[in-house]
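Below is one structure, written out as structure tokens; the observations come after it.
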Amino acid sequence: MDMQLLEVEGLNSYYGRAHILHGVNLDVGKGEVVAVLGPNGAGKTTLLNSICGLVKSDGKISFNGERIDSLKPHERIRKGIGVCPEGRKLFPFMTVEDNLKLGARDENCEEQLKFVYELFPRIRELKNNIVRNMSGGEQQMVAIGRALMSNPNLLLLDEPSMGLAPIILGKILEALKRIKEETDISILLVEQNVHLALELADRVNVLIKGEIVREGRADEMDDLEKHYFEL
Ligand SMILES: Nc1ncnc2c1ncn2[C@@H]1O[C@H](COP(=O)(O)OP(=O)(O)O)[C@@H](O)[C@H]1O
Ligand SMILES: [Mg+2]
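Just so we're aligned: 254 in our numbering is position 178 of the sequence shown, and the numbers increase by one with no gaps anywhere.
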């Protein structure tokens with residue numbers, strides 16, 4: 077079998093004595109989109125933060141065939157991980173373009189900037205605007221754009237649908253589909269929104285109370301749309 081881009085094996089995560097993730101196993105292949113679906117409090121953000129080295133955890137995490145679980149967060153990110161965090165975490169009093177540039181590896185980021193603006197023409201129009209005054213959807217575009225500025229192999233998306241109206245969500249979904257189809261960037265998406273996950277992902281994992289209770293191909297999980305919250 078081809079080497080996976082990201083391999084997580086037996087991941088346990090803790091906040092103090094609270095044991096949050098219980099033996100999570102998860103792979104993301106090259107060019108693949110994998111979703112982790114789970115209700116509020118399931119441990120989705122904890123999972124992404126554990127991959128980045130921000131939460132105390134044990135287990136094996138490999139990236140591009142190399143163990144990264146003993147590396148510091150910035151060392152892991154440098155291997156080729158772009159993060160779009162929960163709640164966007166933009167700098168509200170900076171412009172769109174300055175926020176984007178913060179995600180770049182160095183000053184020489186014209187090509188990535190061009191790619192991001194091409195993906196989200198709306199934020200090109202707003203590039204000199206202060207982020208604080210923009211809509212939730214526009215801010216989400218900036219957050220995804222910033223994560224792309226380092227030219228990552230893997231994009232981690234933490235609930236991009238959060239707080240967005242359906243019409244805006246459609247725009248975000250369209251852009252994410254383009255990333256999937258037009259680049260070789262892999263995506264690990266954590267979501268509560270079943271529809272978004274099934275539309276975008278190749279494979280889906282269901283996370284409940286820190287455990288993966290189900291996994292499979294997205295096109296074999298149509299029933300999730302009806303039964304997910306009863307799991
Ligand atoms: N910094 C923290 N300290 C203690 N407990 C936390 C912390 N962050 C999250 N938790 C707990 O961990 C569990 C999983 O949270 P989280 O990963 O944020 O879930 P999700 O992203 O799926 O909503 C929840 O029970 C939450 O209360
Ligand atoms: Mg979360």
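The C-beta atom is built at its ideal place from N, Cα and C for all residues, glycine as well. Being a predicted model, the structure only gives us computed values, none of them experimental.
Fully contained in the stretch 149-177 are the following alpha helix (DSSP H) runs of length 4 or more, in chain order: 149-154, 172-177. According to DSSP, Ala111 shares a beta bridge with Leu265, Val280. Assignment of Lys256 by DSSP, reduced to helix, strand and coil, places it in the helix class. Judged by the Cβ position, Val112 fails to qualify as a neighbour of ligand 2 at the 8 Å threshold, every heavy atom of the ligand being at least this far. Using a 10 angstroms sphere on the CB of Pro228, the tally of other CB atoms reaches 16 or more, which defines it as buried.
A residue is called buried when at least 16 other Cβ atoms come within 10 angstroms of its Cβ; Lys132 does not meet this threshold and is exposed.
Between Asn204 and Glu173, the CB-CB gap stays under 9 Å. Around the beta-carbon of Met79, fewer than 16 other beta-carbon atoms lie within 10 Å, marking it exposed. Contact check for Gly179 against Arg222 passes: the beta carbons are separated by less than 9 Å. Pairwise C-beta distances place the stretch 98-114 in contact with the stretch 263-271, as three or more of them are shorter than 8 Å. Put simply, of Asp278, Ala251, Lys148, Asn125 the residue whose alpha carbon is nearest the alpha carbon of Ile199 is Ala251.
Assignment of Arg181 by DSSP, reduced to helix, strand and coil, places it in the coil class. In this structure, Val266 has its beta carbon less than 8 Å from a heavy atom of ligand 2.
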